[in-house]
Amino acid sequence: MPQRKLYLGPLTDNRRWDHLTLRPDDIIVVTPPKSGTTWMQTIIALLLSGDPEVETELMVKMPWVDIRLRDMAPIADHLEAMPHRRSMKSHTPLDGLPLHPQAQYICVFRHPLDTHFSMRRHMQNMPISWFDHWFPQDDPDTTFRRFLDGGAEGFDGDAAPLAHILRHFHCAKAMAERPNVTLFHYADMTRDLPATFDKLANLLGTPHPHALMQRLIQTASFDHMKSNAARFAPSGGKGMMRSDSDFFHSGSSGKWQGKLTADQLSAYDSIMQAALTEDERAWLEYGNTKTPA
Numbered sequence: 000m001p002q003r004k005l006y007l008g009p010l011t012d013n014r015r016w017d018h019l020t021l022r023p024d025d026i027i028v029v030t031p032p033k034s035g036t037t038w039m040q041t042i043i044a045l046l047l048s049g050d051p052e053v054e055t056e057l058m059v060k061m062p063w064v065d066i067r068l069r070d071m072a073p074i075a076d077h078l079e080a081m082p083h084r085r086s087m088k089s090h091t092p093l094d095g096l097p098l099h100p101q102a103q104y105i106c107v108f109r110h111p112l113d114t115h116f117s118m119r120r121h122m123q124n125m126p127i128s129w130f131d132h133w134f135p136q137d138d139p140d141t142t143f144r145r146f147l148d149g150g151a152e153g154f155d156g157d158a159a160p161l162a163h164i165l166r167h168f169h170c171a172k173a174m175a176e177r178p179n180v181t182l183f184h185y186a187d188m189t190r191d192l193p194a195t196f197d198k199l200a201n202l203l204g205t206p207h208p209h210a211l212m213q214r215l216i217q218t219a220s221f222d223h224m225k226s227n228a229a230r231f232a233p234s235g236g237k238g239m240m241r242s243d244s245d246f247f248h249s250g251s252s253g254k255w256q257g258k259l260t261a262d263q264l265s266a267y268d269s270i271m272q273a274a275l276t277e278d279e280r281a282w283l284e285y286g287n288t289k290t291p292a
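Using numbering that gives the first Met the number 0, the first residue of the sequence shown is number 0, and each one after it goes up by one.
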């Protein structure tokens with residue numbers, strides 16, 4: 000594996016991973032922002048605990064290692080002291096992460112345009128101004144242009160432009176033959192959540208009796224998580240967002256339909272066609288069915 004690439008922006012720094020010693024049974028959720036990270040982390044927390052009432056407390060129990068807003072030393076100490084199986088999250092592409100040969104890397108993707116529109120709303124819900132010029136509420140055309148033109152690294156990378164999403168995908172796809180790197184898609188999770196639970200349970204070695212599994216699945220349903228947003232949102236109930244429930248806005252796909260011009264869609268198509276094969280694009284946009292729902 001080549002030397003790890005540096006991903007350093009106003010929000011994230013992948014060098015923070017250097018403070019950790021990975022374990023063979025670690026689980027690392029690796030996604031572009033707004034692609035189903037919290038949902039996948041919740042499913043993993045439920046499968047590891049076998050408890051539908053588990054308090055996930057994701058930012059504490061399954062922390063976002065890259066984020067620069069928290070001092071790394073206590074996070075590293077907390078993770079090192081955990082006597083049980085650990086899980087963490089990252090918005091850094093795999094070429095910027097330490098790769099342990101046994102740790103599981105769970106990579107989740109979503110239609111890039113849905114990711115972008117979800118990111119727009121998410122930034123409006125965050126009480127920080129770093130990305131206001133990327134997501135001006137009164138200028139959606141500029142926002143979309145920056146989504147298309149932004150780079151995969153540095154300041155741009157933290158705003159999740161298309162190049163960053165494609166970097167994530169290319170890195171994950173290149174390593175997908177490894178037994179410890181698995182790709183999931185938001186659309187597949189939406190279409191068949193029980194199948195997602197079964198696939199993860201087999202992958203992680205966390206089977207549960209059918210009746211209990213049904214309760215775990217119900218806990219991870221979008222409606223249940225949204226109605227209990229203070230429990231399930233990252234740092235829920237702690238004022239990190241203007242509205243915890245808005246973090247779970249709709250959970251739907253196709254948010255972009257009818258909101259982009261023909262020229263904007265054409266520009267997006269050109270980038271996607273140049274970056275991906277037809278089959279790769281179909282999966283990245285729509286998951287295993289490779290067609291709109």
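C-beta atoms are modelled at their ideal positions from N, C-alpha and C, and glycine is treated no differently.
Query raised in the report: Ser34: which of Tyr6, Thr91, Ile74 and Leu68 sits nearest, CA to CA?
Result: Residue Thr91 is the option with its Cα nearest to Ser34.
Query raised in the report: Which whole-angstrom value is the C-beta distance of Gly153 and Gly8, which I expect to be below 8 Å?
Result: About 6 Å separates the two Cβ atoms, so the contact holds.
Query - Where Val29 falls, given that 16 or more other Cβ within 10 Å makes a residue buried - result: Buried is the label assigned to Val29, since at least 16 other Cβ atoms lie within 10 Å of its Cβ.
Query raised in the report: Which partner residues does Phe108 have in the DSSP bridge list?
Result: Phe108 pairs with His184.
Query raised in the report: So what's Met87 in DSSP terms, helix, strand or just coil?
Result: In this structure, Met87 counts as strand in the three-state DSSP scheme.
Query raised in the report: So, helix, strand or coil for Gln256, using DSSP?
Result: Here Gln256 sits in coil by DSSP.
Requested in this report: Name, in chain order, the residues that DSSP records as bridge partners for Gln103.
Outcome: When beta bridges are read from the DSSP output, Gln103 appears opposite Ile26.
Query - Candidates Val53, Phe116, Val180 and Ala162, of which the one nearest Gly202 by Cα - result: It is worth fixing the name first, because residue 202 is Leu in this sequence and not Gly. Put simply, of Val53, Phe116, Val180 and Ala162 the residue whose alpha carbon is nearest the alpha carbon of Leu202 is Val180.
Query raised in the report: Near Arg15, what residues of its chain come up, given a Cβ to Cβ distance below 7 Å and the 5 sequence neighbours on each side ignored?
Result: Answer for Arg15: Val64, Asp65 and Met71, listed in chain order.
Requested in this report: With DSSP as the reference, label Thr308 as helix, strand or coil.
Outcome: This structure cannot speak to residue 308, because the chain is shown only from 0 to 292.
Report task. Flag this pair as touching only if the segment 45-55 and the segment 169-177 have three or more C-beta atom pairs under 8 Å; answer yes or no. Result -> Touching, no.
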